[in-house]
Structure formats: C-alpha cells, structure tokens
Amino acid sequence: MKQTNTPATGNGRSPKKSFLDQPRKAVSGMIYSGAIIGMLLISLVFSVTVAVLSRSLGMTVDEISQTQGYRYCSYLLYQIVYIGIIAAFMGIYKEKPAQFGWKKTHPKYYLIGIFLLFGLMFSLNYVNNCFVAFLGLFGYTMPESSLPSLAGGGIVGVLFVVAVLPAVLEETLFRGVILEGIKDCGTVAACLLGGLLFCVFHQSPAQTVYQFICGAAFTLLAIRAQSLLPTVMMHFLNNAVIILDAKFKFLENLPMGGQIAIYVVSAVCLLASLAWLIFAERTQSQAESAGQNKMKREIGPFMYPALPGILLCVLMWVLNLANGLGG
C-alpha cells in the first residue's frame with residue numbers, strides 16, 4: 003500500500019481523511035485489533051448458538067461440546083475471522099499477496115527453518131514444561147486437549163483444520179500483513195513485538211514462553227528471508243508433529259536416553275540456526291539501520307490502534323490463568 007501526501011482542496015485545506023486512510027504501521031495495528039475483536043464476537047455468537055441448541059435438543063452444553071461437530075467448529079471459527087480480515091485488508095488497501103510476504107525466497111531459508119523448528123519444538127518443550135511446573139506451584143492445571151477424533155480418516159480433517167489452515171492464515175496475518183507494517187522499526191524491535199503479539203494472541207498461560215520465543219524466531223526468519231513461506235512451512239510442521247504424536251505416541255514412547263539425545267541435538271540446532279540468522283544474515287538489517295530515520299522507526303503509530311486488541315488478549319490471558327488456578 004503506497005502512502006502519498008493528500009492534495010489540498012480549493013480553499014487551501016486538505017480533504018478530511020477517512021478512518022481507514024492511515025499510514026501502513028497504523029493499518030497493521032488495526033488489523034491486529036480487528037482480528038481480536040472479530041474472534042471475540044464470533045466466539046460470543048457461537049456460545050449463544052450452542053446455548054440455543056442445548057435447549058432445543060435437550061442436551062447439556064457439556065454434552066454438545068463433546069461432539070465432533072462442536073470441536074471442528076471451535077477450530078474453524080477463528081479461521082473464518084482470519085480469512086475475512088485478510089480479504090478486507092486486500093480489498094480496501096489493494097495490496098497483493100506478494101507485497102506482504104507471499105513470494106519466493108532462497109531455498110536455504112527452508113533448511114534453516116527446519117533446523118530452527120527442530121530446536122524450538124524440543125528444546126523449548128523442556129523450557130515450557132518448567133514454566134508450567136512453575137505455574138503449578140500456584141495450583142494451575144493445564145486444560146485438556148479438545149482435538150477432534152483422530153480415529154481412522156479423522157486425522158486428515160484434523161490436519162487440515164489444526165495444521166494447514168492456521169499455518170497459512172496466522173502466518174499471513176503475523177509474518178505477512180502485520181510484519182510488513184512494523185519491520186522498519188528495526189529487526190530487534192520487530193522480533194520482540196512479533197513475539198509479544200503472537201503469545202498474547204493465543205491467550206494460553208501454559209504456552210506463553212513457547213509462543214513468545216516462537217513468534218520472535220519466526221519473525222526473524224521472515225525478515226531475513228523476505229518471505230513468509232518458510233514460516234508457513236514451520237508452522238504447519240509444528241502443528242502436524244503435535245497431531246501425529248497425539249495419534250501415534252511416538253515421542254512419549256522414547257526411552258530416556260533417546261529423549262536426552264533429542265534435547266541435546268535440538269539445542270545445538272536452535273543455537274546454530276539463530277546464530278546464523280542473527281550474525282551471518284546481517285546485510286539487510288545493517289542497510290535498513292543506515293537508511294532509517296527516527297520517525298520511521300517509531301512504534302507508536304502501530305501501538306495505538308493495536309492496543310485495544312492487546313489489552314483484550316491480556317484480559318483473556320488473565321481470565322484463562324484464573325480459570326486454570328481455579329481448576
């Protein structure tokens with residue numbers, strides 16, 4: 003989206019800007035808040051619909067929540083919001099997918115992404131377990147998984163709604179539309195902000211540390227690759243491995259020696275891939291730093307419209323934490 007100065011009218015005044023006519027940073031903030039508000043609204047509609055069905059079918063809400071239809075809908079609802087937000091953005095601001103990351107990149111970034119994901123999944127799994135154990139000291143219990151049935155061909159449907167759609171749509175939002183508006187704030191700021199936005203977006207206390215680091219690392223890779231395709235691959239593989247492990251239990255059945263070996267190798271992969279992205283891929287970031295002025299690096303234009311969404315996410319995070327402590 004190209005921003006240009008607005009020409010003055012005949013009386014010397016600039017025409018009044020519409021609410022949607024904003025700088026690119028502000029647009030990214032609006033997209034973030036819009037996605038959060040859309041998620042809350044569709045959740046409210048879904049809850050009311052379930053309550054009505056409960057009365058009409060003579061079933062309790064708990065009974066309905068155990069059905070496969072309910073479980074699939076609970077995953078698909080947010081994907082519908084993401085599709086609507088992305089479509090609205092493209093329609094209003096006339097940006098094509100290639101302008102926000104859907105473009106080819108060097109094959110090395112896919113290889114780096116695989117090593118990075120291996121490191122994140124297994125090294126951070128240990129860190130995340132420690133964080134959950136810390137929350138457990140205060141009485142926190144993790145909510146049970148509510149995946150649809152993985153029996154028979156059900157795994158195909160689960161892979162589609164839990165791995166394929168979130169990988170494509172969440173990466174388009176975070177490492178595409180939103181990142182395109184904030185990456186000129188500097189690589190470090192964009193990565194930290196990307197981690198913050200990603201972890202509060204999921205509103206999961208137990209996954210806070212994991213999702214923050216994943217969000218920051220995914221953002222770094224997208225910036226270096228100048229494409230979101232490697233992170234789409236990583237996001238899909240991350241979710242797919244979790245689903246396949248829930249089905250086949252191949253990680254749970256590893257002997258202790260195998261688990262230790264995986265942790266060690268994954269830690270090496272994580273450190274090596276991050277070191278490469280941070281130190282060996284600095285050319286672009288150095289050029290950006292030299293060419294950016296203070297005004298361009300300001301984060302305020304993004305934060306003001308993004309703040310409603312961030313605050314709503316933090317509120318939901320706190321409520322989910324309280325629910326876990328009460329459980």
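So my numbering is basically just the index in the sequence shown, starting at one, shifted up by 2.
The beta-carbon is built from N, C-alpha and C at its ideal position, and this holds for glycine as well.
CB of residue i within 8 Å of CB of residue j, strictly
| i | j | result |
| --- | --- | --- |
| Gly115 | Cys271 | no |
| Gly118 | Leu223 | Here the sequence assigns Leu to residue 118, which means Gly is not the residue at that position. Yes, they are a contact pair. |
| Gln205 | Trp319 | yes |
| Leu79 | Ile44 | yes |
| Pro310 | Ser35 | yes |
| Phe1 | Ala90 | Because the chain is modelled from 3 through 329, residue 1 falls outside the range shown and cannot be assessed. |
| Ile66 | Val50 | no |
| Thr233 | Phe220 | yes |
| Thr268 | Phe124 | Per the sequence presented here, residue 268 reads as Ser, with Thr not at that position. Going by C-beta atoms, Ser268 is nearer than 8 Å to Phe124. |
| Ile85 | Val179 | no |
| Ile94 | Leu22 | yes |
| Leu126 | Tyr265 | no |
| Leu314 | Ile38 | yes |
| Ile301 | Ala191 | yes |
| Leu181 | Gly196 | yes |
| Ser76 | Ser148 | yes |
| Leu231 | Thr107 | yes |
| Met144 | Val129 | no |
Minimum C-alpha distance to residue i - residue among the options
| i | options | result |
| --- | --- | --- |
| Ile82 | Arg57, Ala277, Glu172 and Gly328 | Glu172 |
| Gly326 | Ala248, Ser45, Ala208 and Lys185 | Ala208 |
| Gln101 | Thr174, Leu273 and Gln68 | Thr174 |
| Val160 | Pro257, Ala269 and Phe238 | Phe238 |
| Phe281 | Leu230, Arg226, Ser125 and Pro307 | Arg226 |
| Lys110 | Leu313, Glu283 and Leu323 | Glu283 |
| Met41 | Ala324, Gly328 and Ile312 | Ile312 |
| Trp278 | Thr69, Leu113 and Gly138 | Leu113 |
| Cys201 | Leu46, Val316 and Ser76 | Val316 |
| Arg299 | Gly183, Gly328 and Ala263 | Gly183 |
| Leu323 | Met235, Tyr306, Gly156 and Tyr142 | Tyr142 |
Residue burial classification, residue i (beta-carbon count within 10 angstroms, cutoff 16)
| i | result |
| --- | --- |
| Ile215 | buried |
| Gly60 | exposed |
| Phe136 | exposed |
| Val158 | exposed |
| Lys4 | For Lys4, the predicted structure reports a pLDDT of 45, less than 50, and the residue's modelled location is therefore unreliable. The matter cannot be settled from this model. |
| Met258 | exposed |
| Arg177 | buried |
| Cys132 | exposed |
| Lys98 | exposed |
| Ser275 | buried |
| Thr189 | buried |
| Gly103 | buried |
| Pro331 | Within the shown structure, residues of the chain are numbered from 3 to 329, placing residue 331 beyond reach of any answer. |
| Leu46 | exposed |
| Lys185 | buried |
| Asn255 | exposed |
| Val63 | exposed |
| Phe250 | exposed |
| Val170 | buried |
| Ala263 | exposed |
| Leu1 | With the chain running from 3 to 329 in the structure shown, residue 1 is simply not present. |
Expected contact under 8 Å - CB spacing of residue i and residue j to nearest Å
| i | j | result |
| --- | --- | --- |
| Cys187 | Ala218 | That pair is no contact at about 14 Å. |
| Tyr341 | Val163 | As displayed, the chain neither begins before 3 nor continues past 329, which places residue 341 out of reach and without an answer. |
| Ser151 | Gln68 | Rounded, the Cβ-Cβ distance is 11 Å, inconsistent with contact. |
| Ala248 | Ala165 | Rounded, the Cβ-Cβ distance is 12 Å, inconsistent with contact. |
For the stretch 164–227, which segments carrying the alpha helix (DSSP H) assignment without a break, of at least 4 residues, lie completely within its bounds, in sequence order? Restricting attention to alpha helix (DSSP H) runs no shorter than 4 residues, the stretch 164–227 encloses them at 167–174, 181–184, 189–204 and 210–227, ordered along the chain.
Run through the stretch 111–144 for me and flag every whole beta strand (DSSP E) of 3 or more residues, listed as ranges in chain order. none
Length at least 3, wholly inside the stretch 220–273: the beta strand (DSSP E) runs in chain order: none
List, from N- to C-terminal side, the alpha helix (DSSP H) runs of 4 residues or more that fit wholly inside the stretch 19–46. none
What are the uninterrupted segments assigned as alpha helix (DSSP H) that are 4 or more residues long and contained completely in the stretch 54–87, given in chain order? 63–67
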